[in-house]
Amino acid sequence: SLSINLGEAIAIVGRNGSGKTTLLKVLSKIIKPGRGRVSIERDTRIFLVPQNPIYWFPNGSVKNVLESLAKRYRSRESINNVLEMFNLIDKQDRDVYSLSIGETRMLSLALAYVSKANLIIIDEPTLGMDCRSMKTFVNIINTLLENGSSIVIATHDLDFARLFDSVYLLEEGRLIDIESHDKDG
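My numbering numbers the first residue of the sequence shown as 59 and each following residue consecutively.
Shown next as structure tokens:
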């Protein structure tokens, strides 16, 4: 059983093949659970950042892709501010398919931010990120949480996972709460 509160950050760790990505797809309503039940509030807006997000991007420049999604979600965010916030301002005119893995991750997070999703689900967020991008990523996660979004990530990086409110181990189809932090304590 997994319960996610508004503004909460949850990390799911597990070995390769343990089902982390499948669980994220179930939470994202992309696939139905093989067993058990997933209950998500009806008005929850979910945004999934897959492990390889490049395959989900439309053609176009970084700025055009952001503008397109912002228009779709009627976002009032300044695209230039978003580009700056996600360290993409100098890449705004580049084709999305020419970005590095780390830059692709940052664009995916920028898209999640612009979508105003209540629940942001990220598969292997630190994959391909350098130290600067990791620091920016942590700051962005904190901003998203402050804005009321909930975050669920799947990661192999236990040290990174410990930055989150709760850490669950996925093993043999079961979630085991291995570390929870009291926000008030």
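The beta carbon of each residue, even a glycine, is placed where N, CA and C say it ideally should be. Only a predicted model underlies this, so the values are computations on that prediction, with no experimental measurement involved.
Assigned secondary structure, residue i (DSSP; H/G/I helix, E/B strand, else coil)
i	result
residue 60	coil
residue 184	coil
residue 136	coil
residue 233	strand
residue 101	coil
residue 96	coil
residue 76	coil
residue 222	coil
residue 141	helix
Residues near residue i by beta carbon distance below 7 Å, same chain, minus five either side
i	result
residue 76	228 and 229
residue 220	237
residue 234	226 and 227
residue 85	96, 179 and 210
residue 162	111 and 112
Environment of residue i [buried if 16+ CB atoms lie within 10 Å]
i	result
residue 243	Below a pLDDT of 50, predicted positions are generally treated as unreliable, and residue 243, at 44, falls in that range; the measurement from the model is reported next regardless. Exposed is the call here.
residue 95	exposed
residue 136	exposed
residue 201	exposed
residue 102	exposed
residue 142	exposed
residue 99	exposed
residue 151	exposed
Cβ-based neighbour list, residue i, same chain, cut-off 6 Å, excluding 5 preceding and 5 following
i	result
residue 105	170, 173, 175 and 178
residue 206	64 and 65
residue 159	186
Cutoff 8 Å; reference residue i; Cβ partners in own chain excluding five residues on either side
i	result
residue 144	164, 165, 167, 168, 171, 194 and 198
residue 125	137
Legend entry - Validate contact between the stretch 181-196 and the stretch 213-222 using beta carbons, cut 8 Å, 3 pairs: yes
Inset, instruction - Within the stretch 156-208, note down every full alpha helix (DSSP H) run reaching 4 residues or more, in order along the chain. - result: 159-173 and 189-204
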